[in-house]
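Remarks on the structure that follows.
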Amino acid sequence: MGIDLVWFLPIHPIGMTNRKGTLGSPYSIDDFRAVNPQYGTMDDFHRLVSEIHQLGMRLMIDIVFRHTSHDCTWVKDHPEWYARDEKGNPIALVPEWTDILDLKFEGNEETLWPELIDTLKFWCENGVDGFRTDVACCIPMEFWHRARRAVSEVNSRCIWLAESVWFTAIEGYRAIDGLVNTDAELYQTYDFAWRAAVQGAIPIKSYLELVRLQSVIYPKGFVKMRFVENHDQDRVAYVCRNNRFKALAWTAFNAFNKGCFLVHAGQETEQTKVSSLFEKDWVDCRQVHPLEEFTRKLIQIKKHPVIKAKGARLTLTHHSPCIVAVWEVTSAREGLIGLFNVAQESNDEQFVQISNLPAGNYENLFVDLGVNELLKDESRIISVNNNGKLRVPIVATIFHYTGILLRPQTFYTKSYNQPKISLNASWNLNATTFANEDLVGRQPVGIHINTDDSIYVADHQNGYILVWNNGSSTSTRNISGNLINPWSLFVMINGDIYVDNGHSNNRVDKWMFNTTNSEPVMTVHGSCTGLFVDNVNNTLYCSSASQHHVVKLELNNENRVPILVAGTGCPGPGHRVPPLLRLPAPSLRLLPPTPSLAPVRYTNKLVLAMHRLNRFKLRRAAQRNMKMGLFLWMPNIPANARWLQNGETVAAGNGRGNATNQLYYPYGLFVADNQTVILADNGNHRIVEWKIGDTKGQVIAGGRDEGNRLDQLKRPTDVLIDKETDSIIICDRGNQRVTRWSRAIGTTQGEILLDNIDCFGLAIDDESFLYISDAEKDEVRRYKMGDTNGTLVAGGHEKGDDLNQLNFPTYIFIASQQSVYVSDEHNHRVMKWNNGATEGIIVAGGQGQGQSPTQLSYPEGLFADTLDAIYVADYGNHRVMRWLKGATQGTVIVGGNGQGLASNQSTNKSLLRVKVWIYGGGGYVGSTSDPLYNGCGIATNAIVVSKNYRLGPLGWLTLGPPASFTGNYGVLDVFMALKWVQENIASFGGNNV
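Per this note's numbering, residue 118 is the first one in the sequence shown, and the count goes up by one each step.
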């Protein structure tokens, strides 16, 4: 079959105590250096090894170092090597594993460790070529480092295969304080991700993204194990028992995928019975099974020279409607393309068209194997020339694609329809009119001519695409469908049409050939006055006159996020040139919002929340370029950018209050596409919307006093817009809940998304995952809409300042690859947690609280640009700082002039004015009687300090009055109280300005 490596499960003697089944579990081991008598003797093992090597294969055995059987001699000879319960009895950490006892690695580094390492060397000396390490993740990393160094002295080419555990198992182990390493630590090459995908535990898209990330997050040269079944899982023929084609598709995908393809014994004969560890399982190999030939062909293709060529690359894409995953391995002008239906939907048609493939001849490598039954009448060689499509078969059942592998024999690299014009060409000076204003409107800007001279025209005025075939004087086709003032279009070689629909719908649409419906393929901010598709690199370009830039979208990239490729963000000196040639005012919109600092989609400006002054200010940048990042729009800000230091108020600024032109402690804010600022008016228990230029805001949620009804809020701290549902999501912190309010006119109440959560900050990524910081649990979790548990992405290990801990996380920002930036407020630092990481990275601050360039003081709002520079509202120091990637200190870009009311100053949201209540005596008599002088009237929006009459100054009679004070004890008490307030005002959040 072409197998290169044989892997045996444990071959050692099995214990008798608590034995499971007839044979017992091979993982209940008596002696690590012996052979199970049921398999033979050590001499028999040597003969087997010799035969395996003579056949050109290598041998790997399962090594089980986490536990032994109850009958292992170590139990009596080395009791200190075993984990024990509180009564001192040896135990199994997994209760249902009653036939084993767990070893204890901690504290036995000089005794147990050498014994196990010598065991590895023993088997290498007896011909073993490698080890599959059972539950390697639950053994200290340092042990494996020492073991690999020692084994390399015996066999420098030893193969190591580490078993991984699934995410939920990792969470479970760590919940009981158990040792477990993740992929980021051990780089496991044996995991269970496929099972989770095929059983629907995770979306197929998430699984494919996980596969893609493995090529960049793992070390160079790693080899990942690829399989569809093993001894711990159901047989693939059983999992896909209702659809054989589903099993074939997944088997082919895993075989073609980068990594080592595992064929489990019996898989090639379509066994459905789950392998038993405790009984004998018979596999009938007396005749060749059809799937055996299928598997042999897969292995043959796996060894194709193109795949093994230096510099071969892998690319993953999706195709509708079947969501077919495509891996392309290319070397020079030859390549392999695998098309596999790994979708979770069905399709009623028997064939699907795969578009945008390189032109050339495609040879079906599986047409003669009897697996692709629909191809019996199809040609083995399929040509892709000027239509750019490939017709491949599918089956009219769920998971209906059989996993066809195709080989293109020739690639064309010339861009589609690029003309060759002679240097001495001349043109007829008399043109022919084939359409007038009555037909194409007043502004027919976009025109495209394809290879057969058909003419496509965008009717800007009427919202149509008109088509004239070559030589025709009347239009032969009229395309419409929610097109509003289209400017441009581009027609592909296969007849697909890309059309500008950005004027009101902010997108580019794609019309498939001979279909009546379109699909959005690119999000834009304004009309694309020019469109172009580079069919070689499968890239769509849009030039925007209103935005003064050119952006591109890589159509093979599943993220479908445009990238800025030209333009500075401002109109250039040639602003009077025609629209298609004009470059440059990219707008900026940033997700998620931040409480004290957030960019706004407004040319070169930043918005600051001025908590203390109850207003918002807008700062202009003196210089800045823009770039579209992975998560919608992210700024690309030069390192030498400067901001004007005098901001302008864009919301409120009329003192503290609850009028529509006032705010009362504004916290989180969000800037919408149309420059509208939506903010959490914390003290007024409401969410207010301020449109650009307005002098009054509009209450869009809450504002009905504080409370826990669905029409009320209590101390909201953050808000964002969910464009997918056209709603706002609110961190209703005072009610310990997250709510969602529709943006539709007439909305009077919200709905609860999550409750019993001490939320503080919110963020949302481009896959609509919601991120929430929990200031009480000191963690950040990611939630799929409808999920109430979420996935831990930062912190979650109690309060602290270690790299895996947070201390009162407030606001968060989501960047590329779902990395999370967190304002770790009480640790006075900003942390970055990469997706899947168990520890964060300090990217700003972290040197204790202070005012130096290396320090922060209670950081809150933040965002990162495309260069990974961090911008953070350092509210304790009344400034905004920028920390470049890798920098050990930041620079002040806004504020830093102290706290105050000036336009170049900021203020602290928690600093309240302080009033000292001095009443006339201990009883309600005379001029000091209640209620006139009981202090209640001055307690609003202030810290009230009331002294307590006792026997002496501040109650300590024996201390005596200070020499600088004179008067009776009543007067001395007042002076002492005032002096104490003056000296300690900052410690209790008072404002000394």
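Ideal placement from N, C-alpha and C gives every residue a C-beta, glycine not left out.
Going by DSSP in three states, residue i sits in which element: helix, strand or coil?
i     : result
W585  : strand
N618  : strand
Y988  : strand
Y928  : strand
S660  : strand
Y573  : strand
R263  : helix
K414  : helix
E223  : coil
A200  : coil
A1094 : helix
C645  : coil
I256  : coil
Mark residue i as exposed unless 16 or more other C-beta atoms lie within 10 angstroms of its C-beta, in which case mark it buried.
i     : result
W124  : buried
F239  : exposed
T185  : buried
G317  : exposed
S635  : buried
E942  : buried
H421  : buried
S402  : Note on identity: in this sequence residue 402 is Cys, with Ser being the wrong assignment. C402 comes out exposed.
S592  : buried
Q1099 : exposed
W367  : buried
M159  : exposed
D555  : exposed
Y156  : exposed
Q171  : exposed
V400  : exposed
Counting only the same chain and skipping the five closest in sequence on each side, list residues whose C-beta sits under 7 Å from that of residue i.
i    : result
N775 : Y781, N801
V271 : K238, C241, E242
N153 : I128, H129, P130, I131
A981 : F930, A932, Y938, I987
Residue i: beta carbon under 6 Å from a heavy atom of the ligand HEM?
i    : result
A209 : Among the ligands in the structure shown, none appear at all, so the ligand HEM cannot be discussed.
From the options, pick the residue whose C-alpha is nearest to that of residue i; which is it?
i    : options                : result
Q66  : P783, K949, F925, Y928 : Since the first residue of the chain shown is 118 and the last is 1110, residue 66 is not available in this structure.
S605 : N599, G563, I614, G619 : G563
P922 : F930, N791, S186, V910 : A small correction: the amino acid at residue 922 is Gln; Pro does not occupy that position in the sequence shown. Among F930, N791, S186, V910, the Cα nearest to that of Q922 belongs to V910.
A818 : L973, N587, V855       : V855
T139 : L394, T190, D251, W191 : L394
N944 : I958, Q966, G957, V937 : Q966
R857 : L871, E636, K627       : L871
N618 : S660, E242, A318, G205 : S660
D907 : K916, E896, H914, G917 : It is Gly, not Asp, that sits at residue 907 in the sequence shown. The option with the nearest alpha carbon to G907 is E896.
H163 : I566, C357, V245       : V245
F607 : I572, N599, T633       : I572
G383 : T656, G684, V345       : V345
C876 : P926, R266, I217       : P926
Pull up the DSSP beta-bridge partners for residue i, would you.
i    : result
N595 : L583
D891 : C876, E896
L394 : Paired residue(s): none; L394 is not in a bridge.
T777 : DSSP lists no partner for T777.
Q939 : Note that residue 939 is Val in the sequence shown, not Gln. Answer by DSSP bridge pairing, in chain order: I929, M948.
K627 : Y615, E636
C377 : M342
Which same chain residues, not among the five before or five after residue i, have their C-beta less than 6 Å away from its C-beta?
i     : result
N602  : H577, H620
L973  : H945, G962, D991
G1013 : R996
V574  : V557, P561, I564, L583
S392  : H348, D398
Say whether chain C places a C-beta atom closer than 7 Å to the C-beta of residue i.
i    : result
T640 : Looking at the structure shown, chain C is missing, and only one protein chain is on hand.
Which residues in the same chain have their Cβ closer than 8 Å to the Cβ of residue i, if we skip the five residues on either side of it in sequence?
i    : result
N873 : Q853, R854
M118 : V380, E385, E409, T412, R413, I416
N225 : E197, W198
E823 : H802, Q829, L830, K831, R832, G851
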